[in-house]
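I have placed the structure first, in the form of structure tokens, so that the comments after it can refer back to it.
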Amino acid sequence: MSRPARRRADGQESGVPAGNGARGAAEGRGRTAQSPPAPGVSGAPVPPPRPSLARPARPPRPRFSRRAFPAPFPASGARLCRPPAPGGHGEDPRRGGRDTADRQAGRGRAAARRALPALRARGRRRRVPAGAGARAVRAAAGRAQIFGFSNNYWELRRCRPKLKKLKKLLMENTYEGPDSEKEKDSSHSKYTTEDLLDQIQASEEEIMTQLQVLNACEIGGYWRILEFDYEMKLLNHITQLVDSESWSFSKVPLNTCLQELGPLEPEEMIEHCLKCYGKKYTEEGAVYFELSADKICRATAQMLLQNAVKFNLAEFQEVWQQSVPEGMTTRLDQLKGLALVDRQSRPEIIFLLKAEDLPEGDQERFNSLFSLREKWTEEDIAPYIQDLCGEKQTIGALLTKYARSSMQNGVKVYNSRRPIS
Numbered sequence: 001m002s003r004p005a006r007r008r009a010d011g012q013e014s015g016v017p018a019g020n021g022a023r024g025a026a027e028g029r030g031r032t033a034q035s036p037p038a039p040g041v042s043g044a045p046v047p048p049p050r051p052s053l054a055r056p057a058r059p060p061r062p063r064f065s066r067r068a069f070p071a072p073f074p075a076s077g078a079r080l081c082r083p084p085a086p087g088g089h090g091e092d093p094r095r096g097g098r099d100t101a102d103r104q105a106g107r108g109r110a111a112a113r114r115a116l117p118a119l120r121a122r123g124r125r126r127r128v129p130a131g132a133g134a135r136a137v138r139a140a141a142g143r144a145q146i147f148g149f150s151n152n153y154w155e156l157r158r159c160r161p162k163l164k165k166l167k168k169l170l171m172e173n174t175y176e177g178p179d180s181e182k183e184k185d186s187s188h189s190k191y192t193t194e195d196l197l198d199q200i201q202a203s204e205e206e207i208m209t210q211l212q213v214l215n216a217c218e219i220g221g222y223w224r225i226l227e228f229d230y231e232m233k234l235l236n237h238i239t240q241l242v243d244s245e246s247w248s249f250s251k252v253p254l255n256t257c258l259q260e261l262g263p264l265e266p267e268e269m270i271e272h273c274l275k276c277y278g279k280k281y282t283e284e285g286a287v288y289f290e291l292s293a294d295k296i297c298r299a300t301a302q303m304l305l306q307n308a309v310k311f312n313l314a315e316f317q318e319v320w321q322q323s324v325p326e327g328m329t330t331r332l333d334q335l336k337g338l339a340l341v342d343r344q345s346r347p348e349i350i351f352l353l354k355a356e357d358l359p360e361g362d363q364e365r366f367n368s369l370f371s372l373r374e375k376w377t378e379e380d381i382a383p384y385i386q387d388l389c390g391e392k393q394t395i396g397a398l399l400t401k402y403a404r405s406s407m408q409n410g411v412k413v414y415n416s417r418r419p420i421s
């Protein structure tokens, strides 16, 4: 008899399920010895069955699916795991540890729990019916026509105002006084505020600020710049009156000046000159002006230098000091941006160089300066490039971009990065 048949026979005789281990075999032997032989079988003794070598039956492994965890999932703090296997503590007795597939399934379920709130929030959004955009386009097309498409656009960027043209326009017709021949000729150009706004690339605030810098005044609704000689004539009238009345330059009464100088010049021009060279304030109901010594000394130096190409520095300083009103002291730092001193020449000389007369562009300005002098110190060149600095730009940044530095006799100097023709 074959071994499987013998096992089935053992199971039928003993009444114990086949493969139930050594314990089942022992019980089967005991009952076989006491029971009579089956019909049709000889009475010869039946040998005891051999022990089963089959492994114990293992319950089926539980399989998890999405049905096992109905939505919504447990709270984020809950932990999902499979029930413990017969080996104990949720470990595979054959492998001695957590199954790799189970770990991957656990990570997948954790990722699903993290993504569930976002999916729910997305589901609550208002859904737009399909084709709504197309219908809106067709409705708009019925009311308007499309003539073309443009792939370019204009972008506004803040830039430095183009104010050099402002002085150029106003210098076409300077004001020389009410009795000048120019005022009798109406063919000369004049500009109102609206005219300047139309022709100058700058805001109204920037234009008004520059008009104050240029000492322009509004005469008959038109902006005018006083001729420099006429401006100095008005200033001399005021300084001589201050000297004759023994007033302090810090307290010049407006009403008295208008009464004394009114017969000589228009009162509007006298008050305008006081505003250009002084600061207005009120004390005990009376209006006074505090005259600036630096502005008066600067204007006097310009008057002396405009008639000479070059001036001996020592002689100029002597004449300059004698020309200013008594009590004022002249200094070379008052001439920054107005005159340039050449200390390399013998004797030292000084000549007129106004920053407002230089080119407006950055590179053109540096080319003009380096054509006048090959090497500059930062102290000398700073007044002539100060107006080129932007909001967050410094003089050092400009010099680094357009000039090359070197040391000369222990002094740092700057020269052009490109050859100047």
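Just so it is clear: in the sequence shown, position 359 is 359 by full-length UniProt numbering, and no numbers are missing.
Cβ atoms here follow ideal geometry from the backbone N, Cα and C, with glycine treated the same way.
- Contact between the segment 290 to 310 and the segment 265 to 273 is absent: fewer than three C-beta pairs spanning the two stretches fall below 8 Å.
- Rounded to the nearest whole angstrom, the C-alpha separation of Y281 and H237 is 21 Å.
- Bridge pairing for E218: W223 [DSSP].
- Excluding its 5 nearest sequence neighbours in each direction, S187 has no C-beta neighbour in its own chain below 7 Å.
- Buried is the label assigned to I350, since at least 16 other Cβ atoms lie within 10 Å of its Cβ.
- Judged by DSSP in its simplified three-state form, D342 adopts strand.
- A residue is called buried once 16 or more other Cβ atoms fall within 10 Å of its Cβ, and T330 is buried on that count.
- DSSP, read as helix, strand or coil, puts L264 in coil.
- Runs of alpha helix (DSSP H) with 4 or more residues, each lying fully within the segment 275 to 354, are found at 293 to 305 and 313 to 323, listed in chain order.
- Rounded to the nearest angstrom, the gap between the Cα atoms of K336 and K184 is 38 Å.
- Around the CB of C159, fewer than 16 other CB atoms lie within 10 Å, so the residue is classed as exposed.
- A382 carries a helical assignment under DSSP once its states are collapsed to helix, strand and coil.
- Counting C-beta atoms within 10 angstroms of its own C-beta, W223 has 16 or more neighbours from the protein chains shown and is therefore classed as buried.
- Taking T174 as the centre and dropping the five residues before and after it, the same chain places the C-beta of I225 and E227 closer than 6 Å to its C-beta, in chain order.
- Of all alpha-carbon atoms in R109, A403 and V213, the one lying nearest the alpha-carbon of L170 is that of V213.
- Judged by DSSP secondary structure, K375 falls outside any alpha helix (DSSP H); it is assigned neither H nor E.
- Within the segment 141 to 218, the complete alpha helix (DSSP H) segments at least 4 residues long are 164 to 170, 181 to 184, 193 to 199 and 204 to 213, listed from N- to C-terminus.
- Looking only at V341, S345, P347 and Q363, the smallest Cα-Cα distance to K354 is reached by V341.
- Going by C-alpha positions, R114 is about 55 Å away from G396.
- Using a C-beta cut-off of 8 Å, the segment 143 to 154 makes no contact with the segment 197 to 206, since fewer than three inter-stretch Cβ pairs fall below that distance.
- When Cβ pairs closer than 8 Å are counted between the two stretches, the segment 354 to 368 is seen not to touch the segment 304 to 314, the count staying below three.
- The C-alpha of E172 is placed about 16 Å away from the C-alpha of T193.
- A straight-line Cα-Cα distance of about 11 Å links P266 and I219.
- Here the alpha carbons of Y402 and L369 stand approximately 11 Å from one another.
- A Cβ-Cβ separation of about 34 Å leaves Q240 out of contact with L163 under the 8 Å criterion.
- Just measuring C-alpha positions, the residue of R109, Q145 and Y384 sitting nearest L399 is Y384.
- Taking the CA atoms as reference points, E260 sits about 49 Å from S371.
- When secondary structure is reduced to three states using DSSP, N409 falls in the coil class, being assigned neither helix nor strand.
- Note on T394: under 16 other CB atoms within 10 angstroms of its CB, so exposed under the neighbour-count rule.
- Note that the C-beta distance between L338 and W320 is not below 8 Å.
- Out of P161, G108 and A110, the CA that lies nearest to the CA of E391 is found in P161.
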